[in-house]
Every structure is written in C-alpha cells, then in structure tokens.
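Student:
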Amino acid sequence: MNKIHVNTSVNGDNLEFLCDPRETLLDALRDRLNLTGAKEGCGTGDCGACSVTLDDRLVCSCLVLGVEAEGKSIGTVEGIAEGENLHPLQQKFIEHAALQCGICTPGILVATKALLEKNPDPTETEVRYWLAGNLCRCTGYDKIIKAVMDTARDLREAS
Amino acid sequence: MEYHKPGSFEEATELANKNAGIIRFLAGGTDVLVQLRSDIITPDVLIDMKYINGVKDIIENDDEWQIGVAVSGAEMSEHEKLAQEWPGIIEAMDLIGSTQVQGRATLAGNLCNGSPAADSVPSLIAAAAQVSITGPKGVRKINVEDVPIGPGKTSLKKGEVLSAIHLPKRTNNQGDAYLRFIPRTEMDIAVVGCAVSLEIKNEIIIKARVSLGAVAPTALLLENAAEKIIGSKLENKALEHLAEEASKACNPINDKRGTIEFRTHVAGVLAKRTAKIAYDRARENK
Ligand SMILES: Cc1cc2nc3c(=O)[nH]c(=O)nc-3n(C[C@H](O)[C@H](O)[C@H](O)COP(=O)(O)OP(=O)(O)OC[C@H]3O[C@@H](n4cnc5c(N)ncnc54)[C@H](O)[C@@H]3O)c2cc1C
Ligand code: FES
Ligand code: FES
Numbered sequence: 128m129n130k131i132h133v134n135t136s137v138n139g140d141n142l143e144f145l146c147d148p149r150e151t152l153l154d155a156l157r158d159r160l161n162l163t164g165a166k167e168g169c170g171t172g173d174c175g176a177c178s179v180t181l182d183d184r185l186v187c188s189c190l191v192l193g194v195e196a197e198g199k200s201i202g203t204v205e206g207i208a209e210g211e212n213l214h215p216l217q218q219k220f221i222e223h224a225a226l227q228c229g230i231c232t233p234g235i236l237v238a239t240k241a242l243l244e245k246n247p248d249p250t251e252t253e254v255r256y257w258l259a260g261n262l263c264r265c266t267g268y269d270k271i272i273k274a275v276m277d278t279a280r281d282l283r284e285a286s
Numbered sequence: 050m051e052y053h054k055p056g057s058f059e060e061a062t063e064l065a066n067k068n069a070g071i072i073r074f075l076a077g078g079t080d081v082l083v084q085l086r087s088d089i090i091t092p093d094v095l096i097d098m099k100y101i102n103g104v105k106d107i108i109e110n111d112d113e114w115q116i117g118v119a120v121s122g123a124e125m126s127e128h129e130k131l132a133q134e135w136p137g138i139i140e141a142m143d144l145i146g147s148t149q150v151q152g153r154a155t156l157a158g159n160l161c162n163g164s165p166a167a168d169s170v171p172s173l174i175a176a177a178a179q180v181s182i183t184g185p186k187g188v189r190k191i192n193v194e195d196v197p198i199g200p201g202k203t204s205l206k207k208g209e210v211l212s213a214i215h216l217p218k219r220t221n222n223q224g225d226a227y228l229r230f231i232p233r234t235e236m237d238i239a240v241v242g243c244a245v246s247l248e249i250k251n252e253i254i255i256k257a258r259v260s261l262g263a264v265a266p267t268a269l270l271l272e273n274a275a276e277k278i279i280g281s282k283l284e285n286k287a288l289e290h291l292a293e294e295a296s297k298a299c300n301p302i303n304d305k306r307g308t309i310e311f312r313t314h315v316a317g318v319l320a321k322r323t324a325k326i327a328y329d330r331a332r333e334n335k
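Protein sequences, first through last, are from chains R and W.
With this note's numbering as the guide, the letters of the first sequence map in order to residues 128 to 286.
With this note's numbering as the guide, the letters of the second sequence map in order to residues 50 to 335.
(1) Chain R partners of leucine 173 of chain W, CB-CB under 8 Å?
(2) Would you please verify whether the beta carbon of glycine 206 of chain R is less than 8 Å from any beta carbon of chain W?
(3) With DSSP collapsed to three states, give me the class of asparagine 212 of chain R.
(4) For ligand 3, which residues have a Cβ under 5 Å from at least one heavy atom, in chain order?
(5) Cβ atoms of aspartate 281 of chain R and proline 215 of chain R: under 8 Å apart, would you say?
(6) Does the distance between the C-beta of alanine 176 of chain R and the nearest non-hydrogen atom of ligand 2 fall short of 7 Å?
(7) For leucine 261 of chain W and alanine 324 of chain W, which I take to be in contact (beta-carbon distance under 8 Å), what is that distance rounded to the nearest angstrom?
(8) Count the other CB atoms within 10 Å of the CB of alanine 174 of chain W; is the residue buried (16 or more) or exposed (fewer)?
(9) What three-state label does DSSP hand leucine 75 of chain W in the structure shown?
(10) Please identify the residue among R:Gly267, R:Thr252, R:Pro247 whose C-alpha is closest to the C-alpha of glutamine 227 of chain R.
(11) Could you name the residues of chain R that valine 118 of chain W contacts, counting a contact when the two beta carbons are closer than 7 Å?
(12) With C-beta atoms as the reference, is alanine 226 of chain W less than 8 Å away from valine 240 of chain W?
(13) Alpha carbon to alpha carbon, how far is arginine 264 of chain R from histidine 215 of chain W?
(14) With three or more beta-carbon pairs closer than 8 Å as the criterion, would you say the stretch 234-243 of chain R touches the stretch 252-262 of chain R?
(15) Going by C-alpha to C-alpha distance, which of W:Ala298, W:Gly103, W:Val180 sits closest to leucine 160 of chain W?
(16) Please list, in chain order, the residues of the stretch 135-166 of chain W that have any C-beta partner in chain R closer than 7 Å.
(17) What is the rounded straight-line gap between the Cα of arginine 189 of chain W and the Cα of proline 301 of chain W?
(18) Measuring from the CB of cysteine 161 of chain W, is there a heavy atom of ligand 1 at a distance below 7 Å?
(19) What three-state label does DSSP hand leucine 131 of chain W in the structure shown?
(20) Under 7 Å between beta-carbons, which chain R residues line up against tyrosine 52 of chain W? List them in chain order, please.
(21) Should proline 247 of chain R go down as buried or exposed, given a rule of 16 or more other Cβ atoms within 10 Å for buried?
(22) Which residue comes first and which comes last in the beta strand (DSSP E) that contains threonine 266 of chain R?
(23) Checking 8 Å against the spacing of the C-beta atoms, do alanine 213 of chain W and valine 193 of chain W come in under that value?
(24) Would you mind working out which of W:Asp329, W:Gly56, W:Pro266 sits nearest glutamate 252 of chain W, comparing C-alpha positions?
(25) Any beta-carbon of chain W closer than 8 Å to the one on tyrosine 268 of chain R?
(26) Under the three-state reduction of DSSP, which class applies to proline 232 of chain W: helix, strand or coil?
(27) Could you give the distance in angstroms between the alpha-carbon of serine 136 of chain R and the alpha-carbon of glycine 152 of chain W?
(28) Closest Cβ-Cβ distance between serine 126 of chain W and chain R: below 8 Å?
(29) Can you look up glutamine 149 of chain W in the DSSP assignment and give me helix, strand or coil?
(30) What in chain R is Cβ-close to valine 83 of chain W, meaning under 8 Å?
(31) Taking the Cβ atom as the reference point for each residue, do isoleucine 271 of chain R and isoleucine 235 of chain R lie within a distance shorter than 8 Å?
(32) Does any residue of chain R bring its CB to less than 8 Å from the CB of methionine 236 of chain W?
(33) So alanine 292 of chain W is in the alpha helix (DSSP H); what residue range does that whole segment cover?
(34) Please determine, among W:Lys218, W:Pro200, W:Ala154, the residue with the shortest C-alpha to C-alpha distance to aspartate 80 of chain W.
(35) Following the continuous beta strand (DSSP E) through asparagine 141 of chain R, name the residue where it begins and the one where it ends.
(36) Per DSSP, valine 245 of chain W forms a beta bridge with which residues?
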C-alpha cells in the first residue's frame, strides 16, 4: 500500500507525516504525531472524544482521513493551554470537578472552546445542544455544563 | 484503496468511469468513513470532491440558489439569506448528527448515500430542488425525488457525479418546514420525517408540495396529500384529509425505533404539524 505524504499544521506547528489513505486523522495524530490527547471512544462519529478543529471548524477526527489534513490547520487539546498556564476552561473543569475518568474531557474542552469563540454568551440549552455529540459516561453532564457557563461568565467579564 | 483529488467534475467523472471495483466520492465523509471503519464498504477508489473549483460556494442567482456539493450543513445555517428563504431545508440539515457532524455533512452526501431516513431529502423534494449530474456524456439536470431509487441506491450511472444542487428562489407568501420524529431529542435516525413547502394567496394555499422520509424505501413526494390542502386555509378538515393521505402513502419497515402501525400514524400527525408551520411562515413572509 502506497503511503501518502501529508503537510499540515497542528496547534500552529507545521508538521508532516506519511499515512495510508485509509487511516483517519485521529490515528495520524495519535500514532504518527504522538499527540494522544484526542481519544477514540467509538470511531463512528457518535461520542466526540476525538473532537478537534479543522480550519477552526469542530469535527470528529475519526471521521476525517489523515490525507484530508493536507494544507489544513488543526487544533487539538494539546494546544489549549499556553505553556504551564491552563486555559480558563481547563481551570474551571478542575474547580467544578467536571471530569472523572477523563476520557471525554479533551473532546469536550476542544468543543466548548470552539463554542465560546463563536458564542461568548450561550444559554445552558445552547451549551447542551452544542455538546450533544460529546458523550460522558461519568459526570452526568451537570458539572460540565456548570463549568462551561462559569467560564463563559468569567471570560465575558474579563473582556 | 486509492485516493484521488480531481480538480474538475470532468476529471472526477473520468476517474469513476475508468476504474473498476467499488468507487466512493468523498464529500464530508460522515457516511463514507463510518462504512469504511466498520468494514461495511471499503472503496477501491476514493474520489475526494473537495478540491474541485466552486464546490464550497453558495451562489444566489436571479432565479435560483446553487449549492456546491461540498458545502456543509454548518455553512448553510450560517448563510443568513439562505436560512431565511429556506428555513425548512436548514432545519432538516441542522438535525443531522452533532455539531461535529454538521461541520462536515453535506446535502450531496445525504442524498447520494441513499438512506430512506436521510433528513435533508424530504425538505429538498418539498422545495422542488434539482441536482446537476455530470457524467461521461455531459451534464444533466434531474429532480431530487428521482435520485434515490432504494435503500443505498441512486439513479446515478457509472461515472456520474452530483455537481450542484439547485433551489428555486423564494417569492413572498411562501414557506417551508421540516419535522422529524425520533425516540430522543438529539442524535438519532428519523422514525418519520416530513417536509412541506407551500405558497398562499389571500391566506388560501395555491401551491403545495409534501414529502415524507423513513416510511418507504425512498423519500416520497405526496401529490395526493398536497391536493388536500391546496385551495384551503388549512382548516381542520383539510388537515385531517392531509393526515389520512400521508398515512395512506406509507409503506414502512418494522424496527426497534417504530412499528409499521406507529410510523403510519406518526406520518399523519407530522404532516399536519409541518403544514401548519409552513403555512404560518408563508403568512409571515409578506
Ligand atoms: C454520528 C452521526 C449522526 C448522523 N445523524 C444523521 C441524521 O440525524 N440524519 C441523517 O440524515 N443523517 C445522519 N448521519 C449520516 C450522514 O452524516 C449524512 O448522511 C450526511 O449528510 C452525509 O454527507 P457527507 O458529506 O458526510 O457524505 P459522504 O460520507 O462524503 O458521502 C456519502 C455518500 O454519498 C456519495 N457522494 C458524496 N458526494 C457525491 C457526489 N458529489 N456525487 C455522487 N455521490 C456522492 C458517496 O460516494 C457516499 O456514498 C449521521 C452520521 C453520523 C456519523
Ligand atoms: S471516536 Fe470519534 S466520535 Fe467517537
Ligand atoms: S469523565 Fe469519564 S466519560 Fe466523561
């Protein structure tokens, strides 16, 4: 099987990798680029654990081929904190204990960051609908929603 | 699996025509990748449509909207003018999957995947939408209702690709709507989907198209049901007749999401509710 050479940008870094055309972006990130933040829950677009941004659009990386990353800019959970400084969403998730096992957390952080960039003042209903494709088996969602609403409030006050 | 990125529809057609084996086109990939990953279908040749010029464009002409075959649902809902003219199509597209899926899923993929429960298809049929198909013999234009011919099957011939979706421009006094029934509030497959598009004059319906999804091997255009509301102000009697015709047209499957009896009943209920929303939108749309 011929491998394809892909040039892409991940969290602002220009990177390249070789991949089989059947390989997903999720596999390329995890196995070729050693970025294991994005998780595989289902592999079929249902759980959102693999959420990343592709040219600023929230997508499931399990439903994107590695070769489709050519020339694109990808954002993963690894790019959310700035060095040692956690992103406000990450801080609030800890404060509100919005995670238990943590498998869903990278996807939820990427998804909610994308939401707040698009809509800094979402209602609780809007947050819940936005996150309908991010499943969590542990928290019961309530703490996640509270952490997101709290972050949004803080970010609005700060700006 | 070979992966190709043609730069034109002609090139895509040629690739599809000359290659043997299983051929798939890649738009948003939300069906293609699920099938690939679950070993249902591994294409021999995968043709990525996203590098063709104009496939990401939504173009407004004097007499029609032209939507590119790689425009995602999210891009459609963000287009204010399109969303205002065709709220029914936008609400159907918005129902597809999660935020993540909507960032990728396209009308072209929803239609060509051939699922009888595809949400956008009834809304396109009610809208009298057409598609351009580019093939070895050139370009032809057909109605959306003539694309699906059975579960997973379309009328596209070897080497043919969808090259654009055409929606009529809206005039005043028109409205459309789409409703679906699912067992939960998000992320599920339609048990029944219903779309209505209509035009009124002095509050009387003068034109209507009604379409149902998920109740037969393909989405249905219900001419008899539409006739029951044309000439009416959508009074209760007209609504009852509409519901009867909608239920009569059903030929559904029995599965865990709904029995035949349930789907047949819900089709009637949804037809009434959808018609009312479309009618109210037409009245507001002066
Ligand atoms: C989690 C999840 C939830 C979903 N929920 C829904 C839902 O609620 N309702 C619903 O209707 N669907 C749903 N889907 C299915 C899917 O998202 C839709 O059918 C979507 O519109 C497919 O579009 P796409 O661009 O991703 O298609 P792709 O996967 O790229 O292609 C689908 C098919 O269309 C063909 N094709 C694509 N472009 C062309 C072209 N230009 N010419 C000819 N053939 C072409 C391909 O060969 C393939 O067979 C869901 C999927 C997932 C993963
Ligand atoms: S792993 Fe991608 S959505 Fe579940
Ligand atoms: S914290 Fe375990 S799945 Fe969400």
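Just so it is clear, CB atoms sit at the ideal spot from N, CA and C, and this is done for glycine as well.
Everything numeric in this text was worked out from a predicted model, so none of it was measured.
Tutor: The structure says:
(1) Here residue 173 of chain W corresponds to residue number 124 of the second sequence, with the count starting at 1. Here the premise fails: no neighbours, minimum Cβ distance about 22 Å.
(2) Position 79 of the first sequence, counted from the start, is the residue given in the question as residue 206 of chain R. So no, glycine 206 of chain R is outside the interface.
(3) Stepping through the first sequence from its first residue, residue 212 of chain R is reached at position 85. If DSSP states are grouped into helix, strand and coil, asparagine 212 of chain R belongs with the strands.
(4) R:Leu226, R:Gln227, R:Cys228, R:Ile230, R:Cys231, R:Cys263, R:Arg264, R:Cys265
(5) As a first step, residue 215 of chain R must be located in the first sequence, where it is residue number 88. As a first step, residue 281 of chain R must be located in the first sequence, where it is residue number 154. Yes, they are a contact pair.
(6) Within the first sequence, residue 176 of chain R is the residue found at index 49, counting from 1. Because some heavy atom of ligand 2 lies under 7 Å away, the Cβ of alanine 176 of chain R counts as near it: yes.
(7) Here residue 261 of chain W refers to the residue found at position 212 of the second sequence. Here residue 324 of chain W refers to the residue found at position 275 of the second sequence. In fact, because the Cβ distance is near 12 Å, the residues do not count as touching under 8 Å.
(8) As a first step, residue 174 of chain W must be located in the second sequence, where it is residue number 125. Before going on, a small fix: residue 174 of chain W reads as isoleucine here, not alanine. With 16 or more Cβ atoms within 10 Å of its Cβ, isoleucine 174 of chain W is classed as buried.
(9) For the purposes of this step, residue 75 of chain W is identified with residue 26 of the second sequence, where counting begins at 1. Three-state result, leucine 75 of chain W: strand.
(10) Within the first sequence, the letter at position 100 stands for residue 227 of chain R. Among R:Gly267, R:Thr252, R:Pro247, the Cα nearest to that of glutamine 227 of chain R belongs to R:Gly267.
(11) Stepping through the second sequence from its first residue, residue 118 of chain W is reached at position 69. Under the 7 Å cutoff, chain R gives no residues; its nearest Cβ is about 16 Å from valine 118 of chain W.
(12) Counting from 1 along the second sequence, the entry for residue 226 of chain W is found at position 177. Counting from 1 along the second sequence, the entry for residue 240 of chain W is found at position 191. Not a contact, by the Cβ cut-off of 8 Å.
(13) If you number the first sequence from 1, residue 264 of chain R lands on position 137. If you number the second sequence from 1, residue 215 of chain W lands on position 166. So the two alpha carbons sit approximately 43 Å from each other.
(14) yes
(15) Position 111 of the second sequence holds residue 160 of chain W. Among W:Ala298, W:Gly103, W:Val180, the Cα nearest to that of leucine 160 of chain W belongs to W:Val180.
(16) Gly146, Ser147, Thr148, Gln149, Val150, Gly152, Arg153
(17) Position 140 of the second sequence, counting from 1, holds the residue named residue 189 of chain W. Position 252 of the second sequence, counting from 1, holds the residue named residue 301 of chain W. Going by the C-alpha atoms only, they are around 31 Å apart.
(18) Along the second sequence, one-based indexing puts residue 161 of chain W at 112. Because some heavy atom of ligand 1 lies under 7 Å away, the Cβ of cysteine 161 of chain W counts as near it: yes.
(19) Within the second sequence, residue 131 of chain W is the residue found at index 82, counting from 1. If DSSP states are grouped into helix, strand and coil, leucine 131 of chain W belongs with the helices.
(20) Here residue 52 of chain W is taken as the residue at index 3 of the second sequence, counted from 1. Ordered by position in chain R, the residues that pass the 7 Å Cβ test against tyrosine 52 of chain W are Ile131, Pro148, Val194.
(21) The residue given as residue 247 of chain R occupies position 120 in the first sequence. So proline 247 of chain R counts as exposed.
(22) If you number the first sequence from 1, residue 266 of chain R lands on position 139. Looking at the DSSP string, threonine 266 of chain R is not in any beta strand (DSSP E), and its letter there is neither H nor E.
(23) What you label residue 213 of chain W is simply residue 164 of the second sequence in a count that begins at 1. What you label residue 193 of chain W is simply residue 144 of the second sequence in a count that begins at 1. Result no, Cβ atoms of alanine 213 of chain W and valine 193 of chain W do not sit closer than 8 Å.
(24) On the second sequence, position 203 is the one that residue 252 of chain W refers to. Per the Cα distances, W:Asp329.
(25) Working through the first sequence from its first residue, we reach residue 268 of chain R at position 141. Taking Cβ atoms only, chain W never reaches closer than 8 Å to tyrosine 268 of chain R, which makes this a no.
(26) Here the question's residue 232 of chain W lines up with position 183 in the second sequence. The answer is coil: DSSP assigns proline 232 of chain W none of H, G, I, E or B.
(27) Within the first sequence, residue 136 of chain R is the residue found at index 9, counting from 1. Within the second sequence, residue 152 of chain W is the residue found at index 103, counting from 1. Cα to Cα, serine 136 of chain R sits roughly 19 Å from glycine 152 of chain W.
(28) For the purposes of this step, residue 126 of chain W is taken as the residue at position 77 of the second sequence. No, because no Cβ of chain R sits closer than 8 Å to the Cβ of serine 126 of chain W.
(29) Along the second sequence, one-based indexing puts residue 149 of chain W at 100. In this structure, glutamine 149 of chain W counts as helix in the three-state DSSP scheme.
(30) If you number the second sequence from 1, residue 83 of chain W lands on position 34. Neighbours of valine 83 of chain W on chain R, chain order: Thr171, Gly172, Leu190.
(31) Here residue 271 of chain R refers to the residue found at position 144 of the first sequence. Here residue 235 of chain R refers to the residue found at position 108 of the first sequence. It is a contact, given that the beta carbons lie within the stated cut-off.
(32) Locating residue 236 of chain W in the second sequence gives position 187, where the first residue counts as 1. Yes, contact with chain R.
(33) One-based indexing of the second sequence puts residue 292 of chain W at position 243. From DSSP, the alpha helix (DSSP H) with alanine 292 of chain W extends over 285-297.
(34) Position 31 of the second sequence, counted from the start, is the residue given in the question as residue 80 of chain W. Minimum Cα distance to aspartate 80 of chain W is reached at W:Ala154.
(35) Taking the first residue of the first sequence as position 1, residue 141 of chain R is located at position 14. It spans 140-146 - the beta strand (DSSP E) in which asparagine 141 of chain R sits, taken as one unbroken run.
(36) Locating residue 245 of chain W in the second sequence gives position 196, counting from the first residue. Its beta-bridge partners are W:Ala226, W:Val259.
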